[in-house]
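Sequence lines, in order, name chains A and B.
So that you can map any letter, position 67 of the first sequence is 67 in the working numbering, and since no number is skipped, the others follow by simple counting.
So that you can map any letter, position 493 of the second sequence is 493 in the working numbering, and since no number is skipped, the others follow by simple counting.
All residues carry an ideal CB built from backbone N, CA and C; glycine is no exception.
These notes are about the structure you will find just below.
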Amino acid sequence: MNSLALDLKRDSALTLSQAAVGCEFQIKQVEGSACRQLREIGFCEQMRVKKITHGRNMLCTVCGTRLALSKDLADQIQVVPA
Amino acid sequence: MNSSSPEARIALVGHPNAGKTTLFNALTGQRQKVGNYSGVTVEKTSGEFFTPHGNRFELVDLPGCYSLSPNSPDEMVTRDVLLGVQEGEAIPDLVLCVLDASNLERHLNLLLQVIDLGYPVIAALNKIDQAEAQGLRLDPTALTETLGVPFVPLSALTEKGFVALKQSLRFPFPAPGDRHWHGSHAVEESLSSLEKVATEAGLEPPAAHALQLLSDPSYQDSDHLPEALREAAKKGPQLAGEISQVRGEFVHRAVEAGLRRPDEKALQLTDKIDAYALHRFWGWGFFSAIMLTVFWSIFRFAEIPMGLIEEAQGALGNWVGSFFAEGDFRDLLVDGVIGGVGAVVVFLPQILLLFFFISLLESSGYMARAAFLMDSVMSRVGLSGKSFLPLLSGYACAIPGIMATRSIPSAKERLATILILPWTSCTARLPVYLLLVPLLVSGTGAQTLTLFAIYALGTITALLAAKFLKPRLGPAEAPQFMLELPPYQKPDWGFILRQVWDRAFSFLKKAGTLILGISILLWFLETYPKSDSADPAAQREASFMGMAGKVIEPVVKPLGWDSRTGTAMLTSFAAREVFVSSLSISYAVDEEADGAEDKLRDRLASAKKPDGSPLFTPLAILSLLIFYIYALQCLPTTAVVKRETNSWKWALGQLGGMTLFAYLAALAVFQIGSLF
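As structure tokens, this is what we get:
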């Protein structure tokens, strides 16, 4: 991948809390104080996640499981549109 | 071989909700509580079973965990048992890892961590029928090849695949495989240097300890490890993040090889229900409707069995009474034993109904939704939705509620939850409420609402107390909330009936032992010493109970109670239900004045003060209710709080604080109410 494409891809990354409801995303990076906890529950790099609702606690599905996630946890998950 | 000891020890490991407990019960035939939300399996449970090869194995059900890097005390137990550092626990010979086939990706991570520790492992692919119903196609052979351990598809609920599972437990167990992944140079270097220190310290197996220290920073603080090893791990590079990423990538590849997903992602039933059940407006309507239905049913449907129990109790009293001449012994049997125990047993149907509904909500998957909704309320008082689950169990009984707090990751939130939990009204208070509420209002609708208000008052005060306590318990923590919402499912009626039956049994046991004993004692204290007068009122005053009543009277008079109510309240510190038995025995002496009517409630309603005015005025009943909402009158709860907080300070402080609060609140209600 050339550097321009890489930049474009990085620019399109957003956190799960910013992501739009009803869309599917791929997890690009998990980073932050709770990243280990998040990876263990299923939020690993490359996994697909679907966001269901916004809110203080947002709902999403990852690997077929529904999870409620507080905003500060969702902020630690960076996603790109799948 | 010694025939009395099993040949090997197998540990059951898996996520909460993976069906570990169901599998355990099905294999060992032992009964145990199965829950739908995280953290129910907190006690150590073990059992035995035979394989088709005739081997006898011990099975240990370890607490559910998402990973071997623990976030709560119960998860720590699982990690420590597997590393062989849990006190008094032998190292397992094999790990049976339970995976939810419908959520394979998430569950493989834990499996990989167990394999990494160097155990022989068998992977039970549970809920295979559910996965197939979702259109998932699993390839156990491909998974076995990638991960190097046998995968056995099964369904713990229907016991499908059990023969294959038992056959795979062939003794002696296969040798464990090697680690499947390789980290960066830094990771591998740190691992081998930590392994060297662990070997020098004599820790077995050294490789597992080295890997755990590097991948789980909390293990570096474990008291079970030698100082030198902890120091070495802390000084070295911290590579936990890198390891979990490498593991995640490996799992992703394994899933690619062993799982085919359906292409179309149709909106499933769970999504359709959740669109309403979790809606910010409809969700609350749904929640309130469910709670109101529960309370309404408790009054409405229990009437029939309650009437039958009352009739049976009256008939039994007459029948037993007919065998004996009038005298103290007949009074002891009819008023003391049958009257005292019967007054409590009559509430059995209502208590069972409440348990039935709580189990039903748990089993159907709604409980986690309620926790999700409540998180927005709980967070305002510094708690989270995680505390709501223990608090909700508290409505059934404070003890399982307090034990369920072990699944709360934050120590501070856990302590605050334990301290406020007895203010969620448990079923032991229900007999008291059910006796008093109909004296206050009539009609099923009004009674349901009053009962609802009682529960709401306890809950709201508990939440306010949490808001007051939480900042005083320690430094602030960042709130982090993560909750799994299991799919809705058909209730497991077997599980519900077992729960209700267990509850009925333990309630009847309590009625037959503790409450029976106290009833006899109370009857004795009411009857002796004898006065010369034939007047029941004079006799009551002369008895031990009358004397105690005189002592307590100045304390309870400002609350609007008489001395008999005061002594009944004192006796209920042994168990709340005793209040009802105690009143029933105290007021049985008025029976002759009452004529034919012998129901306790009517007797209370017609009880008079010495000046002829009614004793149980609405205000006095209100003050009694307030006292019972707030008082902590349950010695087993205090014992469990001591055990869970490991401190008499919190346990006794809670007991004293809640009793004082109850007294002051009842005092305020009666005194302020009397002004109007």
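Buried versus exposed, by CB contacts within 10 Å (16 or more), residue i
i: B/Lys20; result: buried
i: B/Leu451; result: buried
i: B/Gly39; result: Only weak support is given to the placement of B/Gly39: the predicted model assigns it a pLDDT of 35, under 50, and the question is left unresolved by the model.
i: B/Thr638; result: buried
i: B/Thr158; result: exposed
i: B/Asn25; result: buried
i: B/Ser363; result: buried
i: A/Val21; result: exposed
i: A/Cys23; result: exposed
i: B/Leu635; result: exposed
i: B/Trp423; result: buried
i: B/Pro475; result: exposed
i: B/Arg540; result: buried
i: B/Ser288; result: exposed
i: B/Ile128; result: buried
i: B/Trp523; result: buried
i: B/Asp602; result: exposed
i: B/Arg280; result: exposed
i: B/Asp502; result: exposed
i: B/His15; result: buried
Closest by C-alpha distance to residue i, when choosing among the options
i: B/Asp80; options: B/Leu96, B/Pro120, B/Leu213 and B/Leu191; result: B/Leu213
i: B/Ile298; options: B/Phe355, B/Trp282 and B/Asp271; result: B/Phe355
i: B/Pro6; options: B/Pro92, B/Ala302 and B/Val640; result: B/Pro92
i: A/Leu73; options: A/Val80, A/Ala13, A/Ile41 and A/Cys63; result: A/Ile41
i: B/Thr459; options: B/Gln499, B/Ile629 and B/Phe495; result: B/Ile629
i: A/Arg66; options: A/Phe43, A/Gln26, A/Ala13 and A/Ser33; result: A/Phe43
i: B/Leu112; options: B/Val60, B/Arg179 and B/Arg9; result: B/Arg179
i: B/Leu392; options: B/Tyr455, B/Val432 and B/Ile338; result: B/Tyr455
i: B/Ser102; options: B/Ala302, B/Tyr433 and B/Gly258; result: B/Gly258
i: B/Pro400; options: B/Leu421, B/Arg380 and B/Gly549; result: B/Leu421
i: B/Ala133; options: B/Gln671, B/Leu191, B/Ser155 and B/Glu145; result: B/Ser155
i: A/Gln26; options: A/Lys71, A/Ser33, A/Arg36 and A/Ala13; result: A/Ala13
i: B/Arg414; options: B/Val441, B/Ser376 and B/Ala466; result: B/Ala466
i: B/Trp561; options: B/Pro206, B/Val98 and B/Val669; result: B/Val669
i: B/Ala11; options: B/Asp61, B/Glu48, B/Phe661 and B/Asn17; result: B/Asp61
i: B/His185; options: B/Leu59, B/Pro237 and B/Asp328; result: B/Pro237
i: B/Arg9; options: B/Leu27, B/Glu48 and B/Leu23; result: B/Glu48
i: B/Ser168; options: B/Leu508, B/Val187, B/Val121 and B/Lys642; result: B/Val121
i: B/Ala312; options: B/Gly336, B/Val346 and B/Arg330; result: B/Val346
i: B/Met403; options: B/Glu58, B/Thr645 and B/Phe323; result: B/Thr645
i: B/Leu419; options: B/Pro349, B/Pro409, B/Trp493 and B/Thr405; result: B/Thr405
i: A/Cys35; options: B/Leu463, B/Asp216 and B/Gly365; result: B/Asp216
i: B/Ala164; options: B/Leu27, B/Thr444 and B/Glu58; result: B/Leu27
i: B/Glu256; options: A/Met47, A/Ser17, A/Leu16 and A/Ile52; result: A/Met47
Bridge partners - residue i, DSSP secondary structure assignment
i: A/Asn57; result: A/Ser70
i: B/Thr45; result: B/Asp61
i: A/Thr65; result: A/Val62
i: A/Glu24; result: A/Lys50
i: B/Arg9; result: B/Glu58
i: A/Ile77; result: A/Val30
i: B/Arg253; result: DSSP lists no partner for B/Arg253.
i: B/Glu484; result: A/Leu67
i: B/Cys634; result: B/Ala575
i: A/Leu14; result: A/Val79
i: B/Phe50; result: B/Arg56
i: B/Gly653; result: Answer is none; B/Gly653 lacks a bridge partner.
i: B/Gly260; result: A small fix is needed here, since residue 260 of chain B is Arg in this sequence, not Gly. Beta-bridge pairing links B/Arg260 to B/Arg137.
Supposed close pair residue i, residue j - CB separation, criterion 8 Å
i: B/Phe151; j: B/His53; result: Between B/His53 and B/Phe151 the Cβ distance is about 20 Å, and since that is not below 8 Å, they are no contact.
i: B/Leu497; j: B/Ala666; result: In fact, because the Cβ distance is near 39 Å, the residues do not count as touching under 8 Å.
i: A/Leu69; j: B/Met482; result: 6 Å
i: B/Val85; j: B/Ser222; result: 7 Å
i: B/Val13; j: B/Leu143; result: That belief does not hold up - the Cβ atoms of B/Val13 and B/Leu143 are roughly 17 Å apart, past 8 Å.
i: A/Glu45; j: A/Gln76; result: Their Cβ separation, rounded to whole angstroms, is 13 Å, which puts A/Glu45 and A/Gln76 out of contact at 8 Å.
i: B/Ser218; j: B/Ser69; result: 6 Å
i: B/Leu473; j: B/Val381; result: Actually they are not in contact, since the Cβ atoms of B/Leu473 and B/Val381 sit about 13 Å apart, beyond 8 Å.
Residue i: contacting residues in chain C (beta-carbon distance under 8 Å)
i: A/Gly42; result: Although the question refers to chain C, the structure presented lacks it and instead comprises the protein chains A and B.
Heavy atom of the ligand ADP within 8 Å of residue i beta-carbon
i: B/Asn71; result: Ligands are entirely absent from the displayed structure, and the ligand ADP is therefore not among its contents.
* Report the residue ranges of all alpha helix (DSSP H) runs contained in full by the segment 86-165 of chain B; include only those spanning at least 4 residues, in chain order. => 104-116, 128-133 and 140-147
* Start-end ranges of the alpha helix (DSSP H) lying completely within the segment 392-474 of chain B, minimum 4 residues -> 398-404, 411-420, 430-440 and 444-469
* Asked: In the segment 540-617 of chain B, which residue ranges form an unbroken beta strand (DSSP E) of at least 3 residues, counting only runs that do not cross its ends?
  -> none
* Counting only runs of 4+ residues fully inside the segment 341-372 of chain B, write out the alpha helix (DSSP H) ranges in chain order. => 348-364
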